[in-house]
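Line by line, the protein sequences give chains S and B.
The numbers in my numbering rise by one with no breaks, and the one at position 37 of the first sequence is 37.
The numbers in my numbering rise by one with no breaks, and the one at position 83 of the second sequence is 83.
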Amino acid sequence: QKEVEQDPGPLSVPEGAIVSLNCTYSNSAFQYFMWYRQYSRKGPELLMYTYSSGNKEDGRFTAQVDKSSKYISLFIRDSQPSDSATYLCAMSENAGGTSYGKLTFGQGTILTVHP
Amino acid sequence: GAVVSQHPSWVICKSGTSVKIECRSLDFQATTMFWYRQFPKQSLMLMATSNEGSKATYEQGVEKDKFLINHASLTLSTLTVTSAHPEDSSFYICSEKSALSGTDTQYFGPGTRLTVL
């Protein structure tokens, strides 16, 4: 079993739709949760960062973390064609531990928003 | 935010040659940088953690003699793929750990596409 599971998709939605992306994980030591967006042949770009459980909103993006269920989500409202990319969830344990700074990534979900 | 650059962005080399990839931190002073490899339509796989002034820490299964990492300054880490073979063709991405205290956020470079003929 992988530490982080993410449905690779692909996911295709019409412009303006609400997109829901999810990851589950098995390591209860994960404390930091991130979502990255990666365009083709580019490095990942940090979208959202969340510490522990809770919600965080930034513009059209909302990140949710439910540590009790080991489940994280990213919602994109009013999706745009420019949102078409691969979305990667990533998580890590407490800073300062033996895995200091090490990120564990999900497989990535390919999203296409069509006009 | 942090800016990480990589050079070159794309390199083609012959089998058996060595290739050096540079990763520069333009904003933060990166004491810790990470090297990842990404195959097409797959996620990022951590290869090694690069610490300024000390030996890199390699992930299990990554040959340290094949993937040489040097992190001699706070702004530069290099990855050298020695005696490259076609199976080493991949997208190599570096990142630096955020200098913000208490976070494990990483900022990534644009990546280097290596093609070994």
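A virtual CB, placed ideally from N, CA and C, is assigned to each residue, including glycine.
Helix, strand or coil for S/E5? Go by DSSP, reduced to three states. DSSP, read as helix, strand or coil, puts S/E5 in strand.
Using the DSSP secondary-structure output, state which residues sit across from S/R77 in a beta bridge. Answer is none; S/R77 lacks a bridge partner.
S/Y36 and S/S92 look like a contact to me (Cβ under 8 angstroms); what is the Cβ gap, rounded to whole Å? The Cβ separation is near 13 angstroms, so there is no contact.
Would you say B/S43 faces chain S, with C-beta separation under 8 angstroms as the test? yes
Compare the C-beta of S/K56 with all C-beta atoms of chain B and state if any pair is closer than 8 angstroms. no
Helix, strand or coil at S/D83 according to DSSP, with G and I counted as helix: DSSP places S/D83 in helix when its eight states are reduced to three.
What are the residues in the stretch 26-55 of chain S lying within 9 angstroms of chain B by C-beta distance? Interface annotation for the stretch 26-55 of chain S against chain B: Q31, Y32, M34, Y36, Q38, R41, K42, G43, P44, E45, L46, Y49 and Y51, criterion Cβ-Cβ distance under 9 angstroms.
Chain B contact for S/K102 (CB, 8 angstroms cutoff): yes
From this set, S/E5, S/G54, S/G59 and S/T112, which residue's C-alpha is nearest S/S26's C-alpha? S/E5
Please report how far the alpha carbon of S/I18 lies from the alpha carbon of B/K64, in whole angstroms. 44 angstroms
In chain order, what residues of the stretch 80-92 of chain S put their CB closer than 7 angstroms to some CB of chain B? Under the 7 angstroms Cβ criterion, the stretch 80-92 of chain S contributes L88 and S92.
What is the residue span of the beta strand (DSSP E) that B/V116 lies within? First-last of the beta strand (DSSP E) with B/V116: T112 to V116.
Report yes or no: do the stretch 80-100 of chain B and the stretch 10-30 of chain B share at least 3 C-beta pairs separated by less than 8 angstroms? With the cut-off at 8 angstroms, the stretch 80-100 of chain B and the stretch 10-30 of chain B touch.
Note down the Cα distance separating B/G109 from S/G16, rounded to an integer number of angstroms. 30 angstroms
What residues of chain B sit near S/F61, judged by a beta carbon separation below 8 angstroms? By Cβ distance, chain B contributes nothing, its closest Cβ being about 15 angstroms from S/F61, past 8 angstroms.
Under 8 angstroms by Cβ, that's how I've got B/T105 and S/M34 pegged, so tell me the actual separation to the nearest angstrom. Confirmed, Cβ separation roughly 6 angstroms.
B/T115 versus S/S68: straight-line alpha-carbon distance, rounded: 44 angstroms
Within the same chain, show all residues whose beta-carbon is closer than 6 angstroms to that of B/F91, passing over the 5 residues directly before and after it, in chain order. Hits under 6 angstroms: Q38, G111 and R113.
Do you know how far the Cα of B/S5 is from the Cα of B/S101? At B/S101, the pLDDT of 48 sits below 50, so the modelled position is not reliable and the matter cannot be decided from this model.
S/T98 CB to nearest chain B CB: under 8 angstroms? Because the pLDDT at S/T98 is just 48, under 50, the model does not fix this residue reliably, and the point stays unresolved.
Contact criterion: CB-CB distance below 8 angstroms. Does S/G108 meet it with respect to chain B? yes
For a contact defined as C-beta to C-beta under 7 angstroms, what are the partners of B/T105 on chain C? Reference to chain C is not applicable here, since the protein chains of this structure are S and B.
On the three-state DSSP scale, how would you describe S/D66? strand
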